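There are 2 protein chains.
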Amino acid sequence: MNAVIISVGDELISGQTVDTNSAYLARRLAGMGIVTSAHQTVGDDRPAIAAAIKSAAEAVDLVVVTGGLGPTADDLTRQAVADAMGTALATNAQCLAEIEEFFHRRGRTMVPANRIQAMIPLGAEPLANKVGTAPGIAARVAGKPVFVLPGVPAEMEWMFDATVAPRLDRHAGVVLYHTVHTFGQGESDIASAIVDLMDRGRNPIVGTTVSGGMVTLRIISRSAGPQEARRAIRDTVDQLRRRLGAMVVGEGEETMASAVGLLLRQRKQTLAVTESCTGGMIGEMITATAGSSDYFLGGVIAYANQAKTQLLSVPHSVLETHGAVSEPTAIAAAEGCRKLLASDWAIGITGIAGPSGGSESKPVGLVHIALAGPQGTKAYRHVLPGNRATVRLRASLSAMNHLRLALLGEPAH
Amino acid sequence: MNAVIISVGDELISGQTVDTNSAYLARRLAGMGIVTSAHQTVGDDRPAIAAAIKSAAEAVDLVVVTGGLGPTADDLTRQAVADAMGTALATNAQCLAEIEEFFHRRGRTMVPANRIQAMIPLGAEPLANKVGTAPGIAARVAGKPVFVLPGVPAEMEWMFDATVAPRLDRHAGVVLYHTVHTFGQGESDIASAIVDLMDRGRNPIVGTTVSGGMVTLRIISRSAGPQEARRAIRDTVDQLRRRLGAMVVGEGEETMASAVGLLLRQRKQTLAVTESCTGGMIGEMITATAGSSDYFLGGVIAYANQAKTQLLSVPHSVLETHGAVSEPTAIAAAEGCRKLLASDWAIGITGIAGPSGGSESKPVGLVHIALAGPQGTKAYRHVLPGNRATVRLRASLSAMNHLRLALLGEPAH
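Going down the list, the protein sequences come from chains A and B. With the first letter of the first sequence counted as 1, position 367 gets the number 369 in the numbering used here; the numbers rise by one all the way through. With the first letter of the second sequence counted as 1, position 401 gets the number 403 in the numbering used here; the numbers rise by one all the way through.
Okay, structure coming up:
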């Protein structure tokens with residue numbers, strides 16, 4: 003079974019907003035054995051939306067549309083769906099009552115503009131929306147199911163999971179996707195270690211992607227049934243882990259931060275961080291994982307020198323002799339932080355994220371990382387390529403990776 | 003002049019990776035008066051890529067393709083371009099020399115797999131890549147220009163700016179996009195205040211989008227020349243600012259964090275933060291702006307209670323009586339942080355990001371924000387909807403917005 007995902011919105015077509023809905027939907031569909039063959043994005047243009055829906059419905063088995071169901075004049079998807087169906091819009095009394103109720107519960111009055119959200123193409127069904135005002139639409143075009151969902155990600159995700167997924171059959175021919183995330187080597191180096199697994203004729207097949215500072219390996223497994231597909235994926239993951247060793251950070255939804263968290267939890271150890279150039283990014287990433295309070299104590303954002311000396315007891319002499327971006331400063335900050343918070347581990351990070359502030363001896367991208375732990379403190383120097391955002395991301399990932407590798411060398415309890 | 007942007011990759015089509023390249027390209031094209039009429043995403047499938055390029059070239063004036071130029075077996079775009087042109091690939095000697103040189107400069111040896119990256123369709127031109135190994139391709143299909151760029155965002159952006167943009171003519175009929183970001187009211191409330199500016203027949207026309215926790219207003223201005231288009235946008239921005247007042251956070255590339263930074267800089271004041279449920283997110287957002295060291299001193303990530311008492315001098319009695327997520331704790335933390343770092347302002351934030359940890363009196367989404375400033379301390383209570391990531395984002399934005407509104411009430415120097 004093949005699907006096309008259509009995203010609607012001038013904000014998407016013009017690049018003001020990045021479309022994250024299509025990726026969510028493709029992942030969810032894949033989990034049900036439905037292969038997405040294309041994503042399309044069109045603007046707030048009624049004929050263009052209608053034409054995209056029609057041609058997709060003619061080409062594949064399932065069409066999912068997101069966006070353009072809001073209450074304002076640029077929300078034209080419901081009209082376009084009616085056009086593609088060759089029908090007209092009519093107010094759905096139950097939808098109207100639900101929208102009024104939604105406002106009522108929040109103690110607000112419904113503005114007249116929201117009435118349009120209760121309109122549904124004749125012959126289509128509304129899809130309930132418990133997290134926003136716009137109901138979705140379940141329609142048929144060219145005999146194929148077309149599901150229309152709001153563009154706000156939280157509403158779209160709720161509606162897909164609650165109302166669309168239960169209507170989609172599980173399919174006999176199953177395609178499962180899985181990912182393995184690596185850190186530490188470039189894409190072509192990793193590919194040369196697994197070239198046989200990447201052969202286009204192989205099943206499961208492995209592909210590589212550079213994303214978010216890491217190299218991710220995708221595994222696509224096609225089988226008659228889910229058990230076989232899962233087993234084949236597991237075999238391939240085992241091979242990847244055997245060949246790539248400690249470069250493998252995690253799988254699927256796992257991140258560098260969640261992998262570090264898991265290792266800390268297993269070892270019943272705690273972490274504190276002190277961040278300069280990353281300004282809180284490592285703390286933010288670590289605490290994105292629910293339950294991180296079990297192993298993360300907190301830390302110090304030591305952006306100004308004063309914060310380094312006063313909070314972390316970095317000696318003035320170290321800052322004066324070596325500068326804020328130096329190995330001795332990173333070490334003193336990490337050790338000061340570990341002491342201050344009485345943690346097992348502390349990461350200290352200081353660097354020049356750019357675009358300005360670099361010099362010949364200390365270029366933009368220079369990052370010093372110190373890792374203070376039960377066995378002492380180690381320091382690492384990196385010169386990272388890229389712009390300010392990339393340098394900060396890579397610095398954060400590198401710091402967590404040094405901790406990850408150190409934890410892998412420690413016994414788990 | 004119309005363009006279609008095509009993104010290639012199994013990682014995109016399957017939802018493993020979110021496509022950010024299309025948004026970048028659409029924004030850059032718009033700045034040159036080129037309207038993107040559709041984005042398309044296809045997998046690593048040679049016939050599908052070739053078909054997408056051909057049909058786009060037949061429909062519009064310009065095609066930009068990203069992805070699938072890597073060195074591995076799943077990189078099939080260069081073959082697909084040759085197919086769409088009806089030609090074959092041949093090794094380009096200069097490209098090969100440049101790729102070898104790229105590895106040489108980094109002290110690495112080129113693996114044989116990288117040779118494929120020097121292959122270009124006969125009759126096409128290579129586009130230089132100074133930041134990676136894969137050259138791009140400038141081709142013609144159906145008489146229309148087709149530019150093919152790598153999928154790694156940093157390489158794609160460099161190549162578009164350095165090699166593609168100079169080849170694109172500026173056009174007589176100009177379309178300019180601009181955005182105005184607001185915070186504090188829902189989409190339909192804002193829309194009802196500007197309904198006349200959203201009329202589909204108006205030029206410039208205003209549209210609304212909910213994205214990243216804020217409501218963004220898009221302005222699309224079509225004019226004969228760039229001066230008129232810019233003037234029309236300026237007039238519309240003035241109207242929006244007049245009607246929406248302090249809800250307007252910024253324009254274009256401005257963010258909540260950069261807006262706060264600008265106000266602090268104008269007032270020669272400094273900021274420190276102490277974060278619990280957001281774990282460093284506010285610090286990370288503030289320091290994403292280059293030059294933020296002029297006004298941002300740092301702060302404390304007070305995730306564990308011990309960090310709150312020891313670093314910020316939050317009294318044990320406050321934590322015991324009111325709990326870590328309470329107004330008194332937020333106030334004590336903010337005041338402790340302001341003192342510790344001797345800043346003009348300090349934000350204190352504590353809350354329950356979920357998914358667990360909530361109770362009837364303190365539900366998931368409850369966030370207490372305290373703002374300690376020159377005139378004393380104010381506290382704010384929010385119950386924010388959404389999942390862990392959304393609650394943390396909204397909490398960070400709300401905290402910075404309280405500071406922004408307070409700063410707007412202070413005189414600038």
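All C-beta atoms in this analysis are idealised placements derived from N, C-alpha and C, irrespective of residue type, glycine included. A quick note: this is a predicted structure, and the numbers were derived from the prediction, not measured.
### Query
Which residues in chain B sit within 9 Å of Y382 (chain A), going by Cβ to Cβ distance?
Neighbours of Y382 (chain A) on chain B: none; closest Cβ ~18 Å, over 9 Å.
### Those residues which DSSP pairs with V67 (chain B) across a bridge
B:I8 and B:V150
### Query
In three-state DSSP terms, what is S398 (chain A)?
helix
### Query
Counting only runs that start and end within the region 16-88 of chain A, where is the beta strand (DSSP E) found for 3 or more residues in a row?
Whole beta strand (DSSP E) segments, 3+ residues: 37-44 and 64-68.
### Task
Determine the contact status of I288 (chain A) and S294 (chain A), defining contact as a CB-CB distance below 8 Å.
yes
### Query
What is the DSSP secondary structure of V262 (chain B), reduced to helix, strand or coil?
helix
### Query
Can you list, in chain order, the residues of the region 305-317 of chain B whose Cβ is nearer than 9 Å to any Cβ on chain A?
Y305, A306, Q308, A309, K310, Q312 and L313
### Message
With a threshold of 6 Å on Cβ separation, who are the neighbours of T272 (chain A) within its own chain once the five nearest residues in sequence on each side are excluded?
### Response
Around T272 (chain A): Y297, L299, S345 and D346.
### Message
For E103 (chain B), report the span of its alpha helix (DSSP H) as first-last.
### Response
A95 to R107 is the extent of the alpha helix (DSSP H) around E103 (chain B).
### Message
I284 (chain A) and T38 (chain B) - do their beta-carbons sit closer together than 8 Å?
### Response
No, the pair does not count as a contact, with Cβ atoms beyond the cut-off.
### Task
For A174 (chain A), collect the residues of the same chain with a Cβ closer than 6 Å to its Cβ; drop the 5 residues on either side in sequence, then sort them by chain order.
Confidence at A174 (chain A) is low in this model, with a pLDDT of 49, below 50, so its placement is unreliable and no value can be given for it.
### Query
Which runs of the alpha helix (DSSP H) spanning at least 4 residues fall entirely within the region 219-252 of chain B, listed in chain order?
228-246
### Message
Let me check understanding here. Comparing Cα to Cα, which of B:V327, B:V67, B:G353 and B:G254 lies closest to A151 (chain B)?
### Response
As written in the sequence, residue 151 (chain B) is Leu, which differs from the Ala given in the question. The candidate whose alpha carbon is nearest that of L151 (chain B) is B:V67.
### Query
In the structure shown, what three-state DSSP assignment does M112 (chain B) receive?
coil
### Task
Using a cut-off of 8 Å between C-beta atoms, extract the partners of V44 (chain B) located in chain A.
Neighbours of V44 (chain B) across chain A, judged by C-beta separation under 8 Å: S39 and A40.
### Query
Skipping 5 residues on each side, what residues in its chain have a beta carbon closer than 6 Å to that of R340 (chain B)?
Result list for R340 (chain B): A348 and A374, in chain order.
### Query
Whose C-beta lies closer than 8 Å to the C-beta of K132 (chain B) among residues of the same chain, with five residues either side of it excluded?
W160 and A164
### Message
Does chain A have any CB closer than 8 Å to the CB of R245 (chain B)?
### Response
Cβ-Cβ to chain A under 8 Å: no for R245 (chain B).
### Task
Taking 8 Å as the cut-off, decide whether the C-beta atoms of V262 (chain A) and L129 (chain A) are in contact.
V262 (chain A) is not a Cβ neighbour of L129 (chain A), given a cutoff of 8 Å.
### Task
Give the residues of chain B in contact with F298 (chain A), contact being defined as C-beta atoms less than 7 Å apart.
Y305
### Query
Exposed or buried, what is D237 (chain B) when buried is set at 16 or more other beta-carbons lying within 10 Å of its beta-carbon?
exposed
### Message
Which residue wins for smallest C-alpha separation from A92 (chain A), given the options A:R80, A:A167, A:P317 and A:V177?
### Response
A:R80
### Message
Taking 7 Å as the cut-off, is the C-beta of G350 (chain A) nearer than that to any heavy atom in the ligand MN?
### Response
As presented, the structure is devoid of all ligands, the ligand MN included, so that no description of it is given.
### Task
Find the nearest neighbour of G70 (chain A) within the set B:T210, B:A140, B:M112 and B:Q18, judged by alpha-carbon distance.
B:T210
### Task
Please go through the same chain and pick out, in chain order, the residues whose beta-carbon is closer than 6 Å to the beta-carbon of A136 (chain A), but skip the five residues on each side of it.
L71, Q119 and P152
### Task
List the residues of chain B that R28 (chain A) touches, going by C-beta distances under 7 Å, in chain order.
Note that residue 28 (chain A) is Ala in the sequence shown, not Arg. The contacting residues are I15, S16 and G17.
### Rounded Cβ spacing between A82 (chain B) and D201 (chain A) (contact assumed at less than 8 Å)
That belief does not hold up - the Cβ atoms of A82 (chain B) and D201 (chain A) are roughly 19 Å apart, past 8 Å.
### Task
Could you tell me if T19 (chain B) is buried or exposed, where buried requires 16 or more neighbouring beta carbons within 10 angstroms of its beta carbon?
Under this definition T19 (chain B) is a buried residue.
### Message
Could you pull the DSSP bridge partners for I139 (chain A) from this structure?
### Response
A:P128 and A:V150
### Message
Just to make sure I have the definition right: I need the residues of chain B whose C-beta is within less than 8 Å of the C-beta of R202 (chain A). Which are they?
### Response
Within chain B, the residues near R202 (chain A) are A75 and D76.
### Message
Once DSSP output is grouped into helix, strand and coil, what is the label at A156 (chain A)?
### Response
helix
### Start and end residues, alpha helix (DSSP H) containing I200 (chain B)
The sequence shown places Met at residue 200 (chain B), not Ile. Taken as a continuous stretch (DSSP letters only), M200 (chain B) belongs to no alpha helix (DSSP H), as it is neither H nor E.
### Task
Pick helix, strand or coil for V385 (chain B), following the three-state DSSP scheme.
Looking at V385 (chain B) - three-state DSSP - the assignment turns out to be strand.
### Query
Could you give the C-beta distance for I371 (chain B) and S400 (chain B), rounded to a whole number, given that I count them as a contact under 8 Å?
6 Å
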